[in-house]
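Asks: According to numbering that gives the first Met the number 0, the residues represented by the sequence shown are 0 to 328, in order.
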Amino acid sequence: MQDQYERKIEYVRISLTDRCNLRCRYCMPEAGVAKMRHEDILTFAEILRIVQTLAALGVKKVRLTGGEPLVRRNIVELIHAIRQIPGIEQVVLTTNGVLLSAMGADLVRAGLTGLNISLDTLQPETFAEITRRPLFAQVQAGVEKMLSSGLRNIKFNCVPIYEVNDGEIPALAELAKDYPVKVRYIELMPIGCAYEVGYRGVPMAEVQARLEKTYGRLRPVGKKADPLQGPAEYYRLAGFAGQVGFIDAMEHKFCATCNRVRLTAEGFLKLCLNQKNGLNLRELLRNGISDDNLKLALRQAIYRKPAEHLFTDSENTARDSRAMYQVGG
Ligand code: SAM
Ligand code: SF4
């Protein structure tokens, strides 16, 4: 399925919940977070119907995210069911890792094809400072478990922030030294409370320069082997089993090749990370829309996907007010 700019849309990111067991300062306020009502959240049957219809339109990859997706009950069964949908080739998950040591093996058995673990620091104190929860040891145990699980396609996501974790930029890359994983650096985006808390993200050019200073020249990996891959640019470092990657969010370099749409936990199809236009799928489903009309509505909505995210445009009137924990990254 193509949008009006002839981009092929093959990837849906689904936020399963707005709840989370951490409170990362750049993502979610400590208190005063209005929770979605249980009945407002899509049921698994509704999610599966949407994925089936998207798959019929050419979507091949599903990412489950949140909030924290592992706090949603029965996620293992959901992964298994999504894997059975004809046309879906990849089912992947983005998690903060807190529940991985308990659930990782079941996720792999259910058919998960890839895992992104958010990890901004390797220091317990910094972890507690960023996430407001003293749970680093739990995450570390989960990371170790997944590295030895045999699951291929493991990525780590790190948001470098000045005077918080920027001193760890080279240390985080070390995760890719012995394991064939990808360590990705993501530029802090002006969504939700990210800038209000006084955080300043380190630009990707500086992250690259700091890595080169420590490890020598970064060698570009070149053309993407996986057509469903996201916006990161990957590089090799001498002596490393894995790779490092960079997501240069602010410069909207990746909008021209954007291949994704997003579904919020309450069933809103978001066409662009930073824009509010989209489609209320929950309303359509609960009003009894037919399969054919659902397909048509999805096709028409996706066709209207905006050209770019306009992060740097202060006059962007289409800007979405949803925070990252409501969208899923
Ligand atoms: N709870 C899961 C996790 O942390 O991996 C999934 C949802 S979380 C919103 C997804 C990703 O968004 C995380 O890697 C997090 O670091 C990132 N994120 C949250 N707020 C961000 C911001 N303002 N700028 C850049 N990345 C952000
Ligand atoms: Fe929770 Fe993920 Fe947001 Fe952190 S980044 S508060 S783990 S949703």
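The C-beta atom is built at its ideal place from N, Cα and C for all residues, glycine as well.
1) What number of angstroms, rounded off, separates the C-alpha of residue 155 from the C-alpha of residue 128?
2) Taking its Cβ as the centre, do 16 or more other Cβ atoms sit within 10 Å of residue 212, making it buried, or is it exposed?
3) Check whether the Cβ atoms of residue 227 and residue 10 sit closer than 8 angstroms, and answer yes or no.
4) Report yes or no: do the region 159 to 178 and the region 113 to 122 share at least 3 C-beta pairs separated by less than 8 angstroms?
5) According to DSSP, what are the bridge partners of residue 114?
6) What I want to know is whether the C-beta of residue 138 ends up closer than 7 angstroms to one or more non-hydrogen atoms of the ligand SAM.
7) Compute the minimum distance between the beta carbon of residue 12 and the heavy atoms of the ligand SF4, and state whether it is under 7 angstroms.
8) Note down the Cα distance separating residue 266 from residue 295, rounded to an integer number of angstroms.
9) Please report the residue range of the alpha helix (DSSP H) in which residue 292 lies.
10) Which of the three DSSP states is assigned to residue 234 in this structure?
11) Can you say whether residue 247 is buried or exposed, counting buried as having 16 or more other CB atoms within 10 angstroms of its CB?
12) DSSP puts residue 269 in a beta bridge; with which residues?
13) Indicate whether residue 201 and residue 160 have their beta-carbon atoms separated by less than 8 angstroms.
14) Look up residue 332 in the DSSP assignment and say whether it is helix, strand or coil.
15) Quick check on DSSP: helix, strand or coil for residue 181?
16) Buried or exposed: where does residue 299 fall if 16 or more other Cβ atoms within 10 Å of its Cβ makes it buried?
17) For residue 177 and residue 185, what's the separation of their Cα atoms in angstroms?
18) Do you know how far the Cα of residue 172 is from the Cα of residue 196?
19) To which residues does DSSP link residue 242 through a beta bridge?
20) Determine the direct distance from the alpha carbon of residue 132 to that of residue 28, and round the result to whole angstroms.
21) At a Cβ threshold of 8 angstroms, is residue 75 touching chain B?
22) Work out the CA separation of residue 209 and residue 170 for me, nearest whole Å.
23) Beta carbon of residue 263: closer than 7 angstroms to some heavy atom of the ligand SAM?
24) Within the structure, which residues are defined as neighbours of the ligand SF4 by a Cβ-heavy atom distance below 7 angstroms, reported in chain order?
25) Taking the DSSP output, what are the residues bridged to residue 11?
26) Is it the case that the CB of residue 236 approaches a heavy atom of the ligand SAM more closely than 7 angstroms?
27) Give me the DSSP bridge partner(s) of residue 85.
28) Can you tell me the Cβ-Cβ gap for residue 84 and residue 50, rounded? I've got them flagged as a contact below 8 angstroms.
29) What did DSSP end up calling residue 40 once you bin it into helix, strand or coil?
Replies: In this structure, then:
1) 19 angstroms
2) exposed
3) yes
4) yes
5) 92 and 153
6) no
7) no
8) 17 angstroms
9) 290 to 302
10) strand
11) buried
12) 261 and 277
13) yes
14) Any answer about residue 332 is impossible in this case: the structure gives the chain only from 0 up to 328.
15) strand
16) exposed
17) 22 angstroms
18) 26 angstroms
19) 181
20) 13 angstroms
21) Reference to chain B is not applicable here, since this structure consists of a single protein chain.
22) 11 angstroms
23) no
24) 19, 21, 22, 23, 26, 27, 65, 66, 67, 95, 117, 130, 323 and 324
25) 61 and 260
26) no
27) Looking at the DSSP assignment, residue 85 forms no beta bridge with any residue, so it has no partner.
28) 6 angstroms
29) coil
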